[in-house]
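Trainee: Here it is, the structure, as structure tokens.
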Amino acid sequence: MRSLRTGLSLASLATGVAMLGALLFTAPAAHAADPPLRDLADAKSKVIGTAVTGSKLTGTYGEIAGREFNSLTPGNAMKWGSVEPTRGSFNWAEADQIVDFAEAHGQQVRGHTLVWHSQNPGWLTNGTWTSAQLSQLLNDHIALEVGRYKGRLAAWDVVNEPFNEDGTYRQTLWYNGLGVDYIAQALTAARAADPAARLYINDYNVEGVNAKSTALYNLVRSLQERGVPIDGVGLQAHLIVGQVPSSVQQNIQRFADLGLDVAITELDIRMQLPADSAKLTQQAADYRAVMNACVAVARCTGVTVWGFTDSDSWIPDTFPGQGAATPYDENYAPKPAYHAIAESLGGGGSRPTDGCTATYSVGSQWNTGFTGQVRIACSGAALSSWKVGWTFGAGQQITQAWNASCTQSGAAVTCSNASYNGTVPDGGSVTFGFNGSWSGSNPVPTITLG
Ligand code: 9MR
């Protein structure tokens, strides 16, 4: 206790000295935070969207989804398997909820998806159908679902993932039963059911110029020649850190030159876990590259991220050991990728934490416990309040904190300043500490400030 007191008074003395320094020189004002992404995107007439899960649209998740994005895509709620799990028995609850939420928040909705080889109901995939029956099923499904939301959706991903990597057609229920014309049939049915919705074909690994995107290009060109309704192509953009194709803008441009809209529909950029600041910095550069490519082409309508928080992303389940693919961490703290998106949309990129860093260190450690310390230091900026977050990687648990108020939910920790130490002056720092428990290993987590 005694040594803690001594430490505290030394820290406040240091702060006082630093503040005196700031008074003697010119103290820079704290930067103003950027406006929400959707305001920046609106000013550029671009979409900035996110996939959402209906059940999560409350609390912090709902606040961010409503505040930051001008478009929502239901991640799963509009898929055939979700809306008609049993033949003739429909469940529209989540899809309706998302559309209602979007309307209440002045957001567009992108319908996803009508014709796909995946997430179909068992009764459909296990059935034996003549081509006439399949054709009827397809038309009825589209008429019903598109008709239900007629006039309320900006766009539909009518056909999803029709191609193999080499540009040949994927052998699916639809292709095998109806031939390649299932695509024209679906687009025609969708246009009839909602003439106002923009109709898309959507696929992955078609972001750069390659065999698959060229097959998509040739398809949409032939649909146009035949007078089949097609308004745009969706480039999903499930990417890997450091591997954004160099030809994204060129590829967007060639579709735009056909008179089509182009949307980046499912952007996420995954990395091998754990995240660290080098990977997060590279990820920000990658997000920026994709955003810039879209911003540069007038007919690129915008970018939708496939989940805005790492706590609502498909990546960890599908690619074990990978993740951290979205612009917000699991704790809803914006990552460098978030700021890259803002900057690409014309935001100043300034943030209150520019010039300030947080450093996590383990002080002492014994068989079941440890003492941790976090230092927030500013240089060229100042803070009037602060909040840091991290995710423990090995089951560590905070038992007690001082000079900050900390909460832990699962592995996610958030700590914010106490009433007396929110100010971090330019050239100064603030430190807080905590006791934690550990077992097995006690790795240092990546800490975010902001
Ligand atoms: O995000 C969706 C995830 O929750 C589902 O489990 C998964 C099943 O395939 O589908 C995910 O979304 C996919 C999207 O509908 C189409 N492109 C690929 C997406 C990621 O798999």
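Going letter by letter, the sequence shown gives residues -32 to -1, 1 to 418 in mature numbering (1 follows the signal peptide of the UniProt record, and there is no 0). Note that the Cβ used here is the ideal one computed from N, Cα and C, for glycine as well. In this text, all values refer to a predicted model and were calculated from it rather than measured experimentally.
Just tell me which of G316, D236, Q75, A72 has its CA closest to the CA of S279.
Mentor: Cα-wise, what sits closest to S279 is D236.
Trainee: Among all the DSSP beta bridges, which residues are the ones paired with F338?
Mentor: Paired residues: Q333, G404.
Trainee: In the DSSP assignment, the beta strand (DSSP E) including K355 goes from what residue to what residue?
Mentor: 355 to 359 is the span of the beta strand (DSSP E), which, as asked, contains K355.
Trainee: Ordered along the chain, which non-local residues of its own chain (more than five positions away) have a Cβ less than 8 Å from that of P253?
Mentor: Per the sequence shown, the amino acid found at residue 253 is Ala instead of Pro. Only A308 meet the Cβ criterion.
Trainee: Just mark L112 as buried or exposed, buried being the case when its beta carbon has 16 or more other beta carbons within 10 Å.
Mentor: Flag for L112 reads exposed.
Trainee: Thinking G79 and M46 are a contact (beta carbons under 8 Å), I'd like their distance in whole angstroms, please.
Mentor: With a Cβ gap of about 6 Å, G79 and M46 count as contacting.
Trainee: Compute the Euclidean distance between the alpha carbons of L82 and I110, then round it to the nearest angstrom.
Mentor: Here the C-alpha atom of L82 lies approximately 7 Å from the C-alpha atom of I110.
Trainee: Which residues mark the beginning and the end of the alpha helix (DSSP H) in which Q364 is found?
Mentor: First-last for Q364: undefined, no H or E at that position.
Trainee: Please classify T286: does DSSP put it in a helix, a strand, or coil?
Mentor: In the structure shown, T286 adopts helical secondary structure according to DSSP, grouped into three states.
Trainee: Compare the C-alpha of residue 419 against each of D285, P197, Y306 and name the closest.
Mentor: The displayed coordinates of the chain run from -32 to 418. Any statement about residue 419 would go beyond what the structure contains.
Trainee: Look at the alpha carbon of S353 and the alpha carbon of P304, and state the distance between them as a whole number of angstroms.
Mentor: Those two C-alpha atoms are separated by around 20 Å.
Trainee: Mind checking whether the beta-carbon of Y172 lies closer than 7 Å to any heavy atom of the ligand 9MR?
Mentor: Flag set: Cβ of Y172 near the ligand 9MR.
Trainee: Could you check how far apart the C-beta atoms of V177 and V201 are, in whole angstroms? I think they sit under 8 Å.
Mentor: Contact between V177 and V201 is ruled out by a C-beta separation of about 13 Å, above the 8 Å threshold.
Trainee: Would you list the residues sitting across from P302 in a DSSP beta bridge?
Mentor: Y296
Trainee: Decide if the stretch 263 to 273 is in contact with the stretch 320 to 334; the criterion is three or more beta carbon pairs, one per stretch, under 8 Å apart.
Mentor: no
Trainee: Can you find the residues in the same chain that come closer than 6 Å, C-beta to C-beta, to N128, ignoring five residues on each side of it along the sequence?
Mentor: T81, W84, N170
Trainee: Specify the secondary structure class of H73 as computed by DSSP and reduced to three states.
Mentor: coil
Trainee: Output the distance between the C-alpha atoms of S405 and A362, rounded to the nearest integer angstrom.
Mentor: The alpha-carbon separation between S405 and A362 amounts to approximately 10 Å.
Trainee: Would you kindly report the start and end of the unbroken beta strand (DSSP E) that includes R267?
Mentor: Unbroken run through R267: none, as it is neither H nor E.
Trainee: In three-state DSSP terms, what is V212?
Mentor: coil
Trainee: Between L155 and T416, what straight-line distance do the alpha-carbon atoms span, to the nearest angstrom?
Mentor: Near 45 Å, if we compare the C-alpha coordinates of T416 and L155.
Trainee: Going by the beta-carbon positions, is the gap between P213 and Y255 smaller than 8 Å?
Mentor: Not closer than 8 Å, so no.
Trainee: Thinking C-beta only, is N403 closer than 8 Å to Q368?
Mentor: yes
Trainee: Would you mind reading off the limits of the alpha helix (DSSP H) that contains S23?
Mentor: S23 -> no alpha helix (DSSP H), and no H or E assigned at all.
Trainee: Between the alpha carbons of R343 and A372, how many angstroms are there, rounded?
Mentor: 11 Å
Trainee: Could you compute how far the alpha carbon of I283 sits from the alpha carbon of T233?
Mentor: 16 Å
Trainee: Q204 and L226 look like a contact to me (Cβ under 8 Å); what is the Cβ gap, rounded to whole Å?
Mentor: Wrong, their Cβ atoms sit about 19 Å apart, outside the cutoff.
Trainee: For K24 versus G314, is the C-beta distance shorter than 8 Å?
Mentor: Not closer than 8 Å, so no.
Trainee: My guess is that V51 and N59 are in contact by the Cβ rule of under 8 Å, so how many angstroms apart are they, rounded?
Mentor: 6 Å
Trainee: Between K247, G210, G49, which lies nearest to V258 when the distance is taken from Cα to Cα?
Mentor: G210
Trainee: Check whether the Cβ of A19 lies closer than 7 Å to any heavy atom of the ligand 9MR, and answer yes or no.
Mentor: yes
Trainee: For E129, name the three-state secondary structure that DSSP assigns.
Mentor: coil
Trainee: Assuming T277 and A19 form a contact by the criterion Cβ under 8 Å, report the distance between their Cβ atoms to the nearest whole angstrom.
Mentor: No, T277 and A19 are not in contact; Cβ-Cβ is about 11 Å, not under 8 Å.
Trainee: Nearest to N299 by alpha carbon, out of G119, G337, P42, V356?
Mentor: V356
Trainee: Quick check on this structure: which residue in W142, G56, E62 has the alpha carbon closest to the alpha carbon of W97?
Mentor: W142
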